[in-house]
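Undergrad: Residue numbers (full-length UniProt numbering): 1 to 539.
Even glycine gets a Cβ: it sits at the ideal position worked out from N, Cα and C.
Since the structure is predicted, the reported quantities are computational estimates derived from the model, not experimental observations.
Encoded structure:
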């Protein structure tokens, strides 16, 4: 069957929100935009929905992955088959003016209603810590316990501790490596006594030269691939043969087999692994990494990927993997497809230790909320791309601090690089202040979490969502936490002030024992030395 092409002209002044979360720093999109995203077997290493929303109250949705382009005021969508429907809905009527909020509400209620559930409260109330940047692949029991003790010794509250890649024997052999862990159960018991909940990192990939791989191949639990070979002279009776073998994925850690989660028995095997870690060791939850839709594309000419479910595709596999997180309240996912409204903690993809990557946090958090992923976590403070922290790479202390400030009033925040190792004492204190600020907002954040679980509405919002029609459509360097809190972090190197847009209302700030009330709507320059995160409460 042939592809289907569908087009829509933008209205004058209309601005659109959507596409892959990890690319929304290029958005929002209007008549000046020129960009294409293809969501077919691709979620761009983060969350994605087949959805775009308009500031005028329109929305486009499909049940199927599509390619979407914005070019000179024209939106072009391509789906794989003529039968794949594309829906255009409009909340603008003769009596009601459509808005970004009305478009989101209609989309959420119609296509991804809230589940009434939410991840574990600890993920929201207390800043998370992850061992990745400090330990990288060298995850040893003694060093993990030292890292945990340092968290407490430096004034941070124990909450979630994620043990990242390197704890396992191999990918697919999800046992604690006995060369690194002499008593993993005892370690987790000790972490629990210290006040931590412990998460383990896993991926749906299998090391090829392993017992687990051979067993899973025999049981047909792995994604397969096939290739048609010409092995006889032209004109012979037997000109072609079709060979099938397990699909080998080249990913950031090498080459691995891949679990076929469209096979119920394969999914059951993986769930058994997770349940076993909880039962045997007392693990509280899981950071489920990988599972990207683009991982299931075959790059070899003449090859195709085969799933147990012949109708399945990479997007489906990514969705199935992310849905595993719903079964464990202490969860984190980075990649997912069409899972708005679900009780999953969704992290933004890894960021480099760069100022331009810091600027991506707010657009990413905004579009997470607008695509139904209300339970949003920014990437690790100072960046989660470990290559930026290898020997020879300099840490920008100012960037570290501004990253902590930008993350402090997200629904969640997560440290990995240790402030006590990277920063001078006065900057360490600022990071600790950010963590305590987040904790101070715990009750308010949980009010928003409960509301989002029932209504689906974003926790972190752009100004246009709450204040439509005021020219705020493209404001992406400040945000609202619920209805009451306006947050405007400093995102530029060397800056000691920034311009803040204050919407209608009275906005109160308390900083350095000085109270200030600003009457909006107004644009004002706010003094913001390194120790200040500009935030304001609506009166």
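So the candidates are 308, 28, 150, 165; which of them puts its Cα closest to the Cα of residue 133?
TA: Considering only alpha carbons, the answer is 165.
Undergrad: Using three-state DSSP, classify residue 156 as helix, strand or coil.
TA: Correct three-state label for residue 156: coil.
Undergrad: Our contact map puts residue 52 next to residue 68 with C-beta atoms below 8 Å; I'd like the distance itself, whole angstroms only.
TA: The Cβ separation is near 7 Å, so the contact holds.
Undergrad: Does the Cβ of residue 283 have 16 or more other Cβ atoms within 10 Å, making it buried, or fewer, making it exposed?
TA: The residue in question, residue 283, is buried, as its Cβ has 16 or more Cβ neighbours within 10 Å.
Undergrad: Tell me the DSSP secondary structure of residue 90 in three-state form.
TA: Correct three-state label for residue 90: strand.
Undergrad: DSSP state of residue 417, grouped into three classes?
TA: Note: residue 417 maps to coil in three-state DSSP.
Undergrad: So residue 17 packs on residue 106, CB below 8 Å; how close in whole Å?
TA: The Cβ separation is near 14 Å, so there is no contact.
Undergrad: Leaving aside the five residues before and after residue 103 along the sequence, list all residues of the same chain whose C-beta is less than 7 Å from its C-beta, in chain order.
TA: So the list reads 53, 54, 57, 58, 59, 91, once near-sequence residues are dropped.
Undergrad: Answer yes or no: do residue 112 and residue 341 have a C-beta to C-beta separation smaller than 7 Å?
TA: Closer than 7 Å, so yes.
Undergrad: When you compare each of 405, 180, 363, 251 to residue 489 by their alpha carbons, which one comes out closest?
TA: Of 405, 180, 363, 251, the residue nearest in Cα terms is 405.
Undergrad: Can you give the Cα-Cα distance for residue 484 and residue 445, rounded to whole angstroms?
TA: Going from the Cα of residue 484 to the Cα of residue 445 covers about 11 Å.
Undergrad: Identify the residues that DSSP records as bridge partners of residue 228: which are they?
TA: According to DSSP, which records beta bridges pairwise, residue 228 is partnered with 242.
Undergrad: Which stretch, first to last residue, makes up the beta strand (DSSP E) that contains residue 462?
TA: Residue 462 -> no beta strand (DSSP E), and no H or E assigned at all.
Undergrad: Can you check which of these residues, 419, 512, 317, 410, is closest to residue 65 by C-alpha distance?
TA: It is 317 whose Cα lies nearest to the Cα of residue 65.
Undergrad: How many Å lie between residue 127 and residue 95 at the Cα?
TA: Approximately 45 Å between the Cα atoms of the pair.
Undergrad: Can you tell me which of the three DSSP states residue 126 falls into?
TA: Coil, per DSSP.
Undergrad: Leaving out the 5 sequence neighbours to the left and right, which residues in its chain are closer than 7 Å to residue 121 when beta-carbon positions are compared?
TA: Here the set comprises 446.
Undergrad: Grab me the residues of residue 462's own chain with a C-beta within less than 6 Å of its C-beta, minus the 5 sequence neighbours each way, in chain order.
TA: Excluding positions up to five away in sequence, the list reads 366.
Undergrad: Given a cut-off of 7 Å on the beta-carbon distance, is the pair residue 403 and residue 381 in contact?
TA: Taking 7 Å as the Cβ cut-off, residue 403 and residue 381 qualify as a contacting pair.
Undergrad: Going along the chain, which residues of its own chain have a beta-carbon closer than 8 Å to the beta-carbon of residue 466, five neighbours each way excluded?
TA: Hits under 8 Å: 101, 480, 483, 503.
Undergrad: Going by other Cβ atoms of all chains shown within 10 Å of its Cβ, with 16 needed for buried, is residue 347 buried or exposed?
TA: Looking at its Cβ environment, which holds 16 or more other Cβ atoms inside 10 Å, residue 347 is buried.
Undergrad: Which of the three DSSP states is assigned to residue 269 in this structure?
TA: Note: residue 269 maps to helix in three-state DSSP.
Undergrad: Could you tell me if residue 475 is buried or exposed, where buried requires 16 or more neighbouring beta carbons within 10 angstroms of its beta carbon?
TA: Residue 475 should be labelled buried.
Undergrad: Pull up the CB-CB distance for residue 73 and residue 10, whole angstroms please, since I reckon it's below 8 Å.
TA: Their Cβ separation, rounded to whole angstroms, is 5 Å, which keeps residue 73 and residue 10 in contact under 8 Å.
Undergrad: Could you tell me the alpha carbon to alpha carbon distance between residue 151 and residue 252, rounded to whole angstroms?
TA: Approximately 29 Å, taken between the alpha carbons.
Undergrad: Using DSSP with H/G/I as helix, E/B as strand and the rest coil, what is residue 83?
TA: Of the three classes helix, strand and coil, the one that applies to residue 83 here is coil, per DSSP.
Undergrad: By how many angstroms is the C-alpha of residue 379 removed from the C-alpha of residue 408?
TA: Cα to Cα, the separation comes out at about 12 Å.
Undergrad: Spell out a yes or no on whether the segment 207-226 and the segment 176-185 are touching, meaning 3 or more CB-CB pairs, one atom from each, closer than 8 Å.
TA: No contact exists between the segment 207-226 and the segment 176-185.
Undergrad: Kindly confirm or deny that the segment 280-297 and the segment 195-205 touch, where touching means at least three C-beta pairs closer than 8 Å.
TA: Enough Cβ pairs lie closer than 8 Å, so yes.
Undergrad: Please work out which residues of its chain come closer than 6 Å, Cβ to Cβ, to residue 332, disregarding the five sequence neighbours upstream and downstream, and give them in chain order.
TA: If we look at residue 332 and ignore the five residues flanking it on each side, its Cβ neighbours are 287, 345, 347.
Undergrad: Quick check on residue 315: does DSSP put it in helix, strand or coil?
TA: It is helical.
Undergrad: Below 8 Å on the Cβ atoms is my guess for residue 5 versus residue 76; work out the distance and round it to an integer in Å.
TA: Their Cβ separation, rounded to whole angstroms, is 7 Å, which keeps residue 5 and residue 76 in contact under 8 Å.
Undergrad: Mapping DSSP to helix, strand and coil, what is residue 514?
TA: Strand.
Undergrad: I believe residue 207 touches residue 171 by the beta-carbon criterion, under 8 Å. Please report the beta-carbon distance rounded to the nearest angstrom.
TA: Contact holds; Cβ gap of about 5 Å.
Undergrad: Measuring only the C-alpha atoms, how far is residue 478 from residue 522?
TA: Near 14 Å, if we compare the C-alpha coordinates of residue 522 and residue 478.
Undergrad: In this structure, what does DSSP give as the bridge partners for residue 538?
TA: Bridge partners of residue 538: 507.
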